[in-house]
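Enquirer: Once you've had a glance at the structure underneath, I'll fire off some questions.
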Amino acid sequence: MPLRTPLLIACAVLLAACSPITQENFAKLKPGMERVEVEKLLGKPAECAGALGMSSCTWGEKDRFISVQFAGDKVMMFSGKGLK
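Each residue of the sequence shown is one higher than the one before, starting from 1 at the first, in full-length UniProt numbering.
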């Protein structure tokens, strides 16, 4: 049983290291990309909001995220914070 806790912690660290919210993936974003391409790269967004054909989606958390603004289904702008 004492081995279980360190094993669970190691698994959690490995999963966090596999996050798609990275500087490398941020650098792959380009204006004009299709929304499906962005979701292939980053996964499903944590949050999206929009109206009148414009939307803004965020991947990640408060201190580490990528935000992408779409016109229709095409990337217009994007930003990030806390990327490594």
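For glycine and all other residues, C-beta sits at the position ideal for the given N, C-alpha and C.
So leucine 41 packs on lysine 28, CB below 8 Å; how close in whole Å?
Expert: Looking up residue 41 in the sequence shown gives position 41. Looking up residue 28 in the sequence shown gives position 28. That belief holds up - the Cβ atoms of leucine 41 and lysine 28 are roughly 6 Å apart, short of 8 Å.
Enquirer: How would you call valine 38, buried or exposed, if buried means at least 16 neighbouring beta carbons within 10 angstroms?
Expert: Numbered from its first residue, the sequence shown carries residue 38 at position 38. Valine 38 should be labelled buried.
Enquirer: At the level of alpha carbons, what is the spacing between glycine 53 and cysteine 18?
Expert: By one-based count along the sequence shown, residue 53 stands at place 53. By one-based count along the sequence shown, residue 18 stands at place 18. For glycine 53 and cysteine 18, the distance between alpha carbons rounds to 32 Å.
Enquirer: How far does the beta strand (DSSP E) with lysine 74 in it extend, from its first residue to its last?
Expert: As a working note, residue 74 is residue 74 in the sequence shown. Unbroken beta strand (DSSP E) run through lysine 74: 74-81.
Enquirer: For glycine 72, which residues from the same chain have a beta carbon less than 8 Å from its beta carbon, with the 5 sequence-adjacent residues on both sides left out?
Expert: Along the sequence shown, one-based indexing puts residue 72 at 72. Around glycine 72: Gly53.
Enquirer: Within 10 Å of its beta-carbon, does cysteine 57 have 16 or more other beta-carbons around it, so buried, or fewer, so exposed?
Expert: Counting from 1 along the sequence shown, the entry for residue 57 is found at position 57. Counting Cβ neighbours within 10 Å, cysteine 57 comes out buried, since at least 16 surround it.
Enquirer: I'd like the span of the beta strand (DSSP E) that includes residue 109, first residue to last.
Expert: Coverage of the chain is limited to positions 1 through 84, which leaves residue 109 absent and any answer about it impossible.
Enquirer: Between cysteine 48 and the rest of its own chain, which residues show a CB-CB distance below 6 Å, the 5 nearest in sequence each way excluded?
Expert: By 1-based counting over the sequence shown, the position of residue 48 is 48. Answer for cysteine 48: Ser55, Cys57, listed in chain order.
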